[in-house]
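611 is the number of the first residue of the sequence shown in the working numbering; add one for each residue after it.
Following: one structure in structure tokens, then a few remarks.
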Amino acid sequence: ELVQIGERVMTSMAAASFYPPRGTLSVSYAGHPPGWFYSASRREWKRLTVDSNDRSGRLQDAILAVVDDLRFTRTTVSTNEGDRFLLVTDGIAETPDAGGVQFGEAGIERLLNATRDDDIHGQSEALLRAMADHRGSPTATHDDVTFLLLEFTEGPKSSALLTMLRNRLLRPTGNSREWSASD
């Protein structure tokens, strides 16, 4: 609809999928900043980048709506209980202070490492506080400021097939009520 009224727009995107039976997280980016992955066993955060080894010269992993035949790559990582995954919009890294200095990816990494022992709620709150402290205001006005922080927890005790049947076929539609195996 925006194109029909003369607007020329593009957008970045990150797509992530999780496959519980194998504990694998797959991520693709379309012009979006790479996320971070925390390995609880190594107590280490690292950038979750994709390997773009396409030698054909075709554009890949670029912002959506740039070209029609864009290719997207993905990276897959094995997860364990306690591992975490962080996605941010560019507005987080580009948060300016009063002098215009951006918080930056290095600022995000410093915060992640300093709060690695916090629970996920504490780490989320620390990121919000760091953004507000850096810009000197509780309100962001420079750009979209959005993040998603996930922690991988123990999966269901039942078999993968039973879990799939329960979640895909037997679960009521919508989130109108809680569902349990006794339903």
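Positions of the beta carbon are idealized from the N, C-alpha and C atoms, including for glycine.
Given the structure is predicted, the values throughout are model-derived calculations rather than measurements.
Asked	Found
Span of the beta strand (DSSP E), counted from its first residue to its last, around residue 760	757-761
From 720, 654, 712, 768, residue whose alpha carbon lies closest to that of residue 753	712
Cβ-Cβ separation, residue 734 to residue 759 (assumed contact under 8 Å), whole Å	5 Å
Burial state of residue 694, where buried means 16 or more other Cβ atoms lie within 10 Å	buried
Collapsed DSSP secondary structure at residue 654 in the structure displayed	strand
Identified DSSP bridge partners for residue 712	706
Extent of the continuous alpha helix (DSSP H) to which residue 772 belongs	770-775
Short Cβ contact (8 Å threshold) for residue 624 with residue 648	no
Cβ pair residue 755, residue 774 closer than 8 Å	no
Beta-carbon contacts of residue 764 that lie in its chain and below 7 Å, excluding the five residues immediately before and after	691
Spatial distance of residue 627 from residue 633 (CA atoms)	11 Å
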